[in-house]
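Below you'll find the structure, written out as C-alpha cells, and then a few comments.
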Amino acid sequence: MSVIRAEPFDFPLRRGGIGLIVIDMQRDFIEPGGFGAALGNDVAPLQAIIPAVRALLDGVRAAGLPVIHTRECHRPDLSDCPPAKRARGGATPTIGDRGPMGRILIAGEPGAEIVPELAPLPGETVIDKPGKGAFHATPLAEVLTGMGLRQLLFAGVTTEVCVQTTMREANDRGYECLLAEDATESYFPAFRQATFEMIRAQGAIVGWTAPVAAILAGIG
Ligand code: C5J
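If you use this note's numbering, the sequence shown corresponds to residues -10 to 209, in order.
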C-alpha cells in the first residue's frame, strides 16, 4: 500500500477510495468587502493560499479523484440562519445585509461564489451549507456514501472553524481525514497552528496533516 508522508505518521493511501473536500473558498471570506472583512479580519492571508489550493485541485483532478466544494451560505429568506448566528460577531453589515458583493453569505449572491481561480468544474459536487460543519442540514453524508469514499483530503478556510468542524464530523463518521497544511488558512495564525496540533494529537485522534507537495507525491 502506498502512503502520503504526513504527521503524526504516514497516511495509508487506499486507492480508489479517496476524495477532496474544498471548504468555503468563497469571495465572502477571501475578498475585501465580504463577511470575513466585515468581522474585522485581514483577508490577505486567505487570498495567499489560492495557488496551493489550485495545485491540490489540479493534482486531484489529474488523478481522476472526486472533488467536492462547499459554500457557507443561507437562503435569501434566512429561514436556515438561526437568529443567534446572525446576531453574533457584532459585525455591520452582517449575514443577509447588502455589501459590495451583494447580500452577505446568501446563496446566489456574488459574495457566496467560490473564487474564480478555484471554480468547480462541470460534474464536481457543490454543497451549500448553513452551518460551520458541512454535514449539518446538507446531503453530504449521502453524497460521500454514493461515491464509495473511505478517505478524505481537506483544504479551505477557515482552518479552525469550518474546516476543522467538518473534519471532526467526517472522522466521527469513520472517514480517514488528511488536512493539506498549506492549502488551509485562518484569520488567526495561532488558531491554524493549534488546529494542526489538535488534529494530530493522541495518535491522529482527528486525522493527519501534510503539505500539498506530499499529498501530490502520494496520489500521483
Ligand atoms: C467562518 C468558515 N469562519 N468557513 N466560516 O465563519 O470557516
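For glycine and all other residues, C-beta sits at the position ideal for the given N, C-alpha and C.
Look at residue i and residue j and say whether their C-beta atoms are less than 8 angstroms apart.
| i | j | result |
| --- | --- | --- |
| arginine 139 | glutamate 158 | no |
| alanine 144 | threonine 173 | yes |
| leucine 94 | glutamate 61 | yes |
| valine 100 | glutamine 36 | A small correction: the amino acid at residue 100 is glycine; valine does not occupy that position in the sequence shown. For glycine 100 and glutamine 36, no; Cβs fall outside 8 angstroms. |
| leucine 45 | alanine 169 | yes |
| glycine 6 | tyrosine 176 | no |
| valine 32 | valine 11 | no |
| isoleucine 39 | valine 104 | yes |
| alanine 52 | glycine 209 | yes |
| glycine 22 | proline 89 | yes |
| threonine 59 | alanine 123 | yes |
| lysine 118 | threonine 127 | yes |
| isoleucine -7 | glycine 207 | yes |
| phenylalanine 0 | leucine 167 | yes |
Taking only three categories from DSSP, how would you classify residue i?
| i | result |
| --- | --- |
| glutamate 165 | strand |
| proline 65 | coil |
| phenylalanine 185 | helix |
| phenylalanine 143 | strand |
| isoleucine 95 | strand |
| glutamate 170 | strand |
| valine 104 | coil |
| valine 152 | helix |
| arginine 77 | coil |
| isoleucine -7 | strand |
| arginine 3 | coil |
| valine 195 | coil |
How close, in whole Å, do the beta carbons of residue i and residue j come, if the pair is a contact with beta carbons under 8 angstroms?
| i | j | result |
| --- | --- | --- |
| glutamate 149 | arginine 181 | 7 angstroms |
| valine 132 | threonine 114 | 6 angstroms |
| isoleucine 57 | isoleucine 116 | 6 angstroms |
| alanine 27 | arginine 64 | Not a contact, Cβ separation roughly 20 angstroms. |
| glycine 85 | cysteine 70 | 7 angstroms |
| leucine 54 | glycine 8 | 6 angstroms |
| cysteine 151 | aspartate 13 | 5 angstroms |
| isoleucine 236 | leucine 142 | Residue 236 lies beyond the range of the chain shown here (-10 to 209); nothing can be said about it. |
Query raised in the report: Where in the segment 106 to 135 do unbroken runs of the alpha helix (DSSP H), each at least 4 residues long, occur, reported from the N-terminal end onward?
Result: none
Query - Sequence ranges, alpha helix (DSSP H) only - wholly within the segment 25 to 58, length at least 4 - result: 33 to 36, 39 to 51
Report task. May I have all residues whose beta carbon comes closer than 5 angstroms to any heavy atom of the ligand C5J, sorted in chain order? Result -> Asp13, Glu61, Thr147, Val150, Cys151
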